Amino acid sequence: MFKVTQQFKGIDFSRVVIDYVWGKDRLRELESLLPDNKTVHSIEKTIDFKNIQLYEEILESHVELWEKGLIDLSITRTANLVDLMKAKGFNVYYMGISEDTIKKKIEELITHIKFSNLKENQVVAGFIDSPDAASTSENELIQISIYKELLEFSAQNDLQLVIQRHDSSFEISTSYGELQEITNNYHTCKMIRFLKERLSFEVYVGWGIGRTFTQAAQHAKLAYREAKSYIDSCTFVIDDTQHPMGPLGFKEADDTEMNIYSWKEIEQLSQQVDITISQLQKVITAITSLKTNELTSKTAADVLNMSERSTNRLLNQLVEKELATVESKKINGLQGRPTKIYTVNLPFLDRQ
Numbered sequence: 003m004f005k006v007t008q009q010f011k012g013i014d015f016s017r018v019v020i021d022y023v024w025g026k027d028r029l030r031e032l033e034s035l036l037p038d039n040k041t042v043h044s045i046e047k048t049i050d051f052k053n054i055q056l057y058e059e060i061l062e063s064h065v066e067l068w069e070k071g072l073i074d075l076s077i078t079r080t081a082n083l084v085d086l087m088k089a090k091g092f093n094v095y096y097m098g099i100s101e102d103t104i105k106k107k108i109e110e111l112i113t114h115i116k117f118s119n120l121k122e123n124q125v126v127a128g129f130i131d132s133p134d135a136a137s138t139s140e141n142e143l144i145q146i147s148i149y150k151e152l153l154e155f156s157a158q159n160d161l162q163l164v165i166q167r168h169d170s171s172f173e174i175s176t177s178y179g180e181l182q183e184i185t186n187n188y189h190t191c192k193m194i195r196f197l198k199e200r201l202s203f204e205v206y207v208g209w210g211i212g213r214t215f216t217q218a219a220q221h222a223k224l225a226y227r228e229a230k231s232y233i234d235s236c237t238f239v240i241d242d243t244q245h246p247m248g249p250l251g252f253k254e255a256d257d258t259e260m261n262i263y264s265w266k267e268i269e270q271l272s273q274q275v276d277i278t279i280s281q282l283q284k285v286i287t288a289i290t291s292l293k294t295n296e297l298t299s300k301t302a303a304d305v306l307n308m309s310e311r312s313t314n315r316l317l318n319q320l321v322e323k324e325l326a327t328v329e330s331k332k333i334n335g336l337q338g339r340p341t342k343i344y345t346v347n348l349p350f351l352d353r354q
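Numbering-wise (the working numbering), the sequence shown opens with residue 3 and increments by one.
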């Protein structure tokens with residue numbers, strides 16, 4: 003508007019019409035910037051570019067106001083109306099979009115497209131290791147069972163999984179989009195649920211994301227090790243920044259139990275208190291599995307398949323970070339010293 007006042011000295015904004023301010027809120031916002039709280043004329047037109055008469059209708063609205071002697075200046079953002087209005091002898095100011103604005107918007111669009119393409123084009127690998135077998139023949143049966151169910155899972159879900167069988171493991175390659183579908187955007191894991199329902203032994207899945215298949219396969223093996231550290235079947239994902247996500251599909255029960263907590267919240271808390279994401283995920287898994295935020299070293303160790311010494315160290319770390327309190331209690335029926343009960347108070351636990 004500063005440019006308008008410079009070009010049209012002493013302009014009375016109550017005698018100005020603007021054709022690109024749609025909506026009362028935007029009009030009031032504009033008028034608040036004008037001197038003496040002037041009220042401008044505006045053309046109330048719905049932007050419908052399917053309407054082939056749109057520009058003609060806007061032009062007619064300008065003409066009508068001029069012919070009634072209500073305005074001295076038309077401000078438009080419709081470039082192809084400028085010459086038509088000037089030909090009628092109207093004062094016109096074209097409020098064009100600046101080159102800087104256009105450049106900025108184009109750069110934002112290009113960045114968004116590049117980011118989307120980068121994600122979509124990332125390589126994804128999966129890794130599953132067979133459980134220990136007592137004999138070669140038993141190992142062969144286990145391998146056949148896993149391979150058969152993986153093929154069935156791929157077919158039932160209309161996926162394009164490439165499954166390679168090795169001596170005692172399986173390597174899977176797929177796309178970033180299919181991994182998002184399999185894991186419901188890293189909340190649950192359809193595959194682990196499917197395998198757990200059909201196999202008589204525990205199975206763990208690691209997914210890796212990388213810029214090359216070699217990198218993705220390395221991340222998949224790391225993710226598998228994370229999953230294997232849990233006592234029950236589950237899935238972990240490690241992305242190209244080596245950020246672990248999991249456990250996914252830890253329980254057959256309600257999916258919402260693990261979905262209560264978003265990865266963003268866990269990551270933010272990890273940075274705030276200087277505890278690794280993996281450690282926080284272990285604590286959340288123990289709470290979810292036991293359905294209580296009151297843990298002992300033994301109950302947490304039993305759920306997480308860890309030693310009591312390791313869980314004791316983890317729980318004491320939570321106390322140091324003021325994420326848990328501890329008190330000693332005598333548990334009915336047990337002899338010896340009182341048991342330490344840790345009450346975990348993560349910021350988002352109250353949503354359970």
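Even for Gly, the Cβ is constructed at its ideal location relative to N, Cα and C.
Small disclaimer: the values here were computed from a predicted structure and weren't measured.
Same chain only: Cβ atoms within 7 Å of residue i, ignoring 5 sequence neighbours per side
i, result
"Ala-326", "Leu-317, Leu-320, Tyr-344, Thr-345, Val-346 and Asn-347"
"Ser-309", "Ala-303"
"Phe-331", "Correcting the residue type first, residue 331 is Lys in the shown sequence and not Phe. Taken in chain order, the residues that qualify are Pro-340, Thr-341 and Ile-343."
Residue burial classification, residue i (beta-carbon count within 10 angstroms, cutoff 16)
i, result
"His-168", "exposed"
"Gln-283", "buried"
"Ser-137", "exposed"
"Ile-1", "This structure cannot settle anything about residue 1, because the visible part of the chain is limited to 3 through 354."
"Asn-295", "buried"
"Gly-212", "buried"
"Leu-61", "buried"
"Ala-219", "buried"
"Leu-153", "exposed"
"Ala-89", "exposed"
"Thr-103", "exposed"
"Thr-41", "exposed"
"Leu-72", "exposed"
"Thr-298", "buried"
"Ala-222", "buried"
"Thr-287", "buried"
"Glu-322", "exposed"
"Ser-202", "exposed"
"Ile-268", "buried"
"Thr-78", "buried"
"Ile-144", "buried"
"Glu-228", "buried"
"Thr-301", "buried"
Nearest to residue i (by Cα), restricted to the options the options
i, options, result
"Glu-324", "Ile-20, Glu-154, Pro-349 and Lys-342", "Pro-349"
"Val-207", "His-43, Phe-10, Glu-101 and Ile-130", "Ile-130"
"Pro-249", "Thr-243, Val-285 and Leu-143", "Val-285"
"Gln-124", "Tyr-178, Glu-310 and Leu-143", "Tyr-178"
"His-245", "Thr-237, Ala-225 and Arg-17", "Ala-225"
"Ser-384", "Cys-236, Ile-146 and Glu-329", "Any answer about residue 384 is impossible in this case: the structure gives the chain only from 3 up to 354."
"Ser-369", "Pro-133, Phe-196 and Glu-154", "Because the chain spans 3 through 354 in this model, residue 369 falls outside it and cannot be assessed."
"Val-239", "Glu-199, Ser-280 and Gly-91", "Ser-280"
"Val-19", "Asp-276, Trp-68, Val-275 and Leu-153", "Trp-68"
"Phe-80", "Glu-110, Glu-310, Asp-74 and His-64", "Here residue 80 is Thr; the residue named in the question, Phe, does not match the sequence. Looking at the Cα atoms, His-64 is the closest of the given residues."
"Ser-76", "Phe-203, Lys-293, Gln-158 and Phe-10", "Phe-10"
"Leu-56", "Asp-74, Lys-293 and Leu-83", "Leu-83"
"Asn-314", "Phe-215, Lys-342, Lys-293 and Ser-202", "Lys-342"
"Ile-194", "Ile-148, Thr-214 and Glu-140", "Ile-148"
"Glu-183", "Phe-172, Phe-155, Ser-139 and Thr-278", "Phe-155"
"Glu-204", "Ala-135, Asp-14, Phe-15 and Val-275", "Ala-135"
"Thr-1", "Glu-109, Asp-14, Thr-176 and Asp-74", "Past the boundaries of the shown model lies residue 1; the chain is included only from 3 to 354, so the question cannot be answered."
"Gln-369", "Lys-192, Lys-105 and Glu-142", "One cannot answer for residue 369 here, as it falls past the ends of the chain, which runs 3 to 354."
6 Å CB neighbourhood of residue i in its chain, flanking five on each side removed
i, result
"Ile-174", "Gly-128, Leu-163 and Ile-165"
"Lys-198", "Ser-235"
"Glu-180", "Leu-161"
"Val-2", "Residue 2 lies beyond the stretch modelled for the chain, which goes from 3 to 354, so this question has no answer here."
Beta-carbon contacts of residue i that lie in its chain and below 8 Å, excluding the five residues immediately before and after
i, result
"Gln-217", "Val-125, Gly-210 and Asp-242"
"Glu-151", "Phe-196, Leu-197, Arg-200 and Leu-201"
is_contact[residue i, chain C] using C-beta, thresh 9 Å
i, result
"Phe-203", "Here chain C cannot be found, since the structure has a single protein chain."
Give a yes or no on contact between the stretch 297-311 and the stretch 221-233, applying the rule of three or more CB pairs nearer than 8 Å.
yes
Any alpha helix (DSSP H) of 4 or more consecutive residues that is wholly inside the stretch 54-107
56-69 and 81-89
Enumerate, from N- to C-terminal direction, the unbroken beta strand (DSSP E) stretches of 3 or more residues contained entirely within the stretch 130-198.
164-167 and 171-177
Inter-stretch contact (C-beta, 8 Å, three-pair minimum) for the stretch 84-95 and the stretch 183-202:
no
Which runs of the beta strand (DSSP E) at least 3 residues long sit entirely within the stretch 264-297? Give them in chain order.
none
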